[in-house]
Amino acid sequence: MFGGNNPFYKIAKSQSFHAIAAEFDPSISLLKLLELSIETQSLKLSSQSHARAQRLGLTQHSIIAQKLIFSYCQLRRPFDGQLVFDSLLFKNTHICNTLLSGYGKNQFFQESLDLFRKMRDGSAFGVVDDFTFSVMFKIVGDLGEVLVGKMVHGRSVKNGLVLDTVAGNSLMSMYSRCGCFDDSMKVFDEMPLRNVSSWNALISGYAKVKSWDGSFCRLGLWDIVREMQHEDLKFDAFTVSTLLSLCSGGAGSGDFRDKCGHGRELHCYIIRNGLDLSSGPDGDVHLGCCLIDMYSKNGKVDVGRRVFDRMKWKNVCAWTAMINGYAQCGKFEDALFLFREMQWRDGDGPNKVSLVAILPACSSISGLMGGKQIHGFAVRRELNHDLSLCNALIDTYSKCGSLSYATQVFEHECTRKDAISWSSIICGYGLHGQGQQAVILFDKMLQNGIKPDTTVVVGVLSACSKSGLINDGLIIYDSVVTNYKIKPTVEMCACMVDMFGRSGQLDKALDFIKSMPVEPGPSSWGALLSASALHGNSEMQELAYKSLIMMEPDNSSNYISLSNLYASSKRWDVVAEVRQVMRKRGLRKLPGCSWISMNGASHSFVVADKSHPCSNLIYVMLDELVSAMKLTYYNPDFVYLMEV
DNA sequence: GTAGGGTTAG
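Taking the UniProt record's numbering, I'd label the letters of the first sequence as residues 1 to 644.
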């Protein structure tokens with residue numbers, strides 16, 4: 001009569017069912033039913049309990065009403081909870097806090113703020129307490145509105161509430177999520193009683209500080225960890241996962257030099273202390289995901305795979321973390337294999353995060369077709385309006401050669417656009433040599449009130465450079481530095497050098513390098529090098545090579561192109577010398593690889609490759625192409641390199 | 001018998 005998934009079956013099995021029946025107190029059985037509705041995520045059971053409460057005349061029972069509101073909010077129906085709330089003649093703090101938190105959990109922030117105001121102003125609503133403030137700080141942290149946060153903080157002080165630990169932790173987190181780490185530290189310093197969560201909030205705040213220069217904090221990360229241990233507090237799963245994310249080279253990981261070493265130590269800590277990587281069928285797999293991520297980002301994706309294989313329970317997050325690990329390491333075949341395996345093993349199948357993770361792998365191996373398949377999958381699952389997925393699709397389509405598909409996604413599916421969406425489409429136009437269009441889009445982005453970041457600036461500058469739009473590039477560079485206070489990065493400067501260089505203004509390019517506001521990196525000298533090679537200025541070319549090899553003595557590409565430079569002027573003695581230096585340093589150049597997709601199959605080629613079954617035909621066609629190019633564009637060096 | 005915080009695969 002009872003199926004295994006039927007909630008009544010569970011309650012019938014439990015002893016408490018008989019105990020409740022024996023007591024004949026309908027409110028207790030109702031509460032148990034409501035708890036069950038939350039546990040089994042059953043909206044039907046909640047509504048049935050609601051109806052039962054009405055039949056029994058228990059709708060004004062404060063504990064039952066509170067539990068009803070809570071269950072509706074947990075089941076993503078906060079307005080059903082509000083109906084219960086509105087019908088209450090007497091509303092205590094407890095009940096108000098429940099609805100307040102329910103609005104927050106469901107992202108109805110305005111409703112939260114309105115309710116908070118009503119509570120603050122007294123009258124028919126319960127008075128504010130520590131619970132109210134802990135909820136409000138969390139909501140303001142989600143909103144990222146520090147001014148609202150300061151007002152709520154002020155109110156908590158005015159109310160004379162001595163900060164309890166949970167509210168303090170929530171306040172700390174609110175400040176650091178709003179980018180005010182100093183204020184978060186101040187709260188931490190002034191807290192009368194701290195627990196592990198307080199330290200966790202401190203560490204995660206530390207991890208969020210983007211441009212870490214060591215001066216903002218009186219303590220280094222390891223000092224924090226050590227002080228925590230001095231207070232006899234043991235790391236819990238939260239501490240370990242936050243620290244693991246700092247072992248992956250992300251923001252704030254400045255003083256984690258031996259990142260993987262620390263990561264392994266944390267892995268040992270997890271094992272020694274019996275922390276769960278995956279605690280049950282519906283349990284937390286977060287620690288496992290963090291470990292996979294940490295190992296993959298440190299180039300040890302195989303160790304990540306071992307962690308993955310040993311996880312007792314895997315949900316879509318675990319599968320996605322592993323797929324992402326493979327994709328980031330360039331192991332695209334493995335990523336795709338796992339993606340397929342996930343679909344027949346994991347009941348839920350991939351979600352939007354999985355699709356974003358697999359897209360780079362997909363487009364690398366199977367080109368446009370792979371991207372289209374994922375896009376089709378997303379449409380069928382109604383995920384195609386998700387912002388991150390749209391951004392990834394725009395990037396994939398433009399990199400796979402279809403600017404028109406990229407534009408379609410940008411214009412019709414990407415309904416809410418952020419800086420990344422604009423950046424992806426602008427880079428796409430740049431990549432396809434349509435600089436003018438990239439500049440128009442950049443202006444449109446600014447008109448839409450999106451603040452440019454360094455990525456989009458690099459995108460538009462490189463588009464200008466490739467299309468010879470020097471004036472536009474210069475105006476954009478000056479404007480973002482002056483009007484948007486963007487500090488020029490090495491990449492931005494390299495774009496400027498490239499822009500001057502390509503147009504033949506080599507002296508201007510060199511002057512820019514000499515006067516640029518950051519230390520010129522290999523990218524700037526590399527840009528000057530290509531430009532001087534293009535315009536046949538061997539003096540400038542040698543200068544750029546010297547700087548490049550001085551800066552990157554172990555980069556084999558520099559030696560190869562230097563060797564090619566001398567080979568083009570037939571100075572074989574110098575060629576031999578360069579090759580000898582490479583041998584002495586043990587440098588080898590990994591051959592580049594090209595690939596093309598045709599009729600659903602991918603064909604890849606390296607230099608002098610004869611392994612393809614149609615190799616003879618391909619080389620005949622290649623010879624014809626070289627001859628045709630010689631006729632239309634005669635540059636001896638260029639043709640020489642083509643024939644090598 | 002009831003409400004709160006710290007991590008979260010991109």
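By construction, the Cβ of each residue, glycine as well, lies at the ideal position given by its N, Cα and C atoms.
Query	Result
Runs of alpha helix (DSSP H) wholly within the stretch 522-569 (minimum 4 residues, chain order)	522-534, 538-551, 556-568
Assumed close pair residue 524, residue 497 - CB separation to whole angstroms, cut-off 8 Å	5 Å
Distance, residue 141 Cα to residue 266 Cα	29 Å
C-beta contact flag for residue 288 and residue 316 at 9 Å	no
Contact set for residue 129: own chain, Cβ-Cβ below 6 Å, skip 5 residues either direction	93
Continuous alpha helix (DSSP H) assignments of at least 4 residues falling wholly in the stretch 175-247	181-190, 196-208, 221-230, 237-246
7 Å CB neighbourhood of residue 111 in its chain, flanking five on each side removed	103
CB contact flag (residue 177, residue 150, <9 Å)	no
Residue 444 versus 454, 509, 421, 465, residue with shortest Cα-Cα distance	421
Same chain, Cβ closer than 7 Å to residue 513, neighbours up to 5 away in sequence not counted	497, 520, 524, 528
CA nearest to the CA of residue 54, picked from 88, 155, 318, 579	88
Residue 40 versus residue 131: straight-line alpha-carbon distance, rounded	26 Å
Beta-carbon spacing of residue 137, residue 173 below 9 Å	yes
Alpha-carbon spacing of residue 164 relative to residue 135, whole angstroms	13 Å
Beta-carbon spacing of residue 500, residue 476 below 9 Å	no
Proximity of residue 273 and residue 312 at Cβ, strictly below 9 Å	no
Among 463, 418, 451, nearest to residue 429 - alpha-carbon criterion	463
For residue 321 and residue 329, the rounded distance between their alpha carbons	12 Å
For residue 260, three-class secondary structure by DSSP	helix
Span separating the alpha-carbon of residue 190 from that of residue 154	15 Å
Cα-Cα separation, residue 404 to residue 286	39 Å
Residue 300 - DSSP class collapsed to helix/strand/coil	coil
Element boundaries [alpha helix (DSSP H), containing residue 460]	454-466
C-beta contact flag for residue 162 and residue 197 at 9 Å	no
CB contact flag (residue 82, residue 38, <9 Å)	no
Sequence-distant residues of its chain with Cβ nearer than 8 Å to residue 60 (five each side left out)	88, 89, 90
Cα-Cα separation between residue 571 and residue 181, rounded to whole angstroms	60 Å
Straight-line gap, residue 127 to residue 49 (C-alpha atoms, nearest Å)	29 Å
Collapsed DSSP secondary structure at residue 627 in the structure displayed	helix
Alpha-carbon spacing of residue 170 relative to residue 238, whole angstroms	15 Å
For residue 103, three-class secondary structure by DSSP	helix
Minimum length 4: unbroken alpha helix (DSSP H) runs contained in the stretch 43-69	43-55
Buried or exposed by the 16-neighbour rule on C-beta atoms within 10 Å, applied to residue 553	exposed
Contact belief for residue 58 with residue 26 at Cβ below 8 Å, rounded distance in angstroms	7 Å
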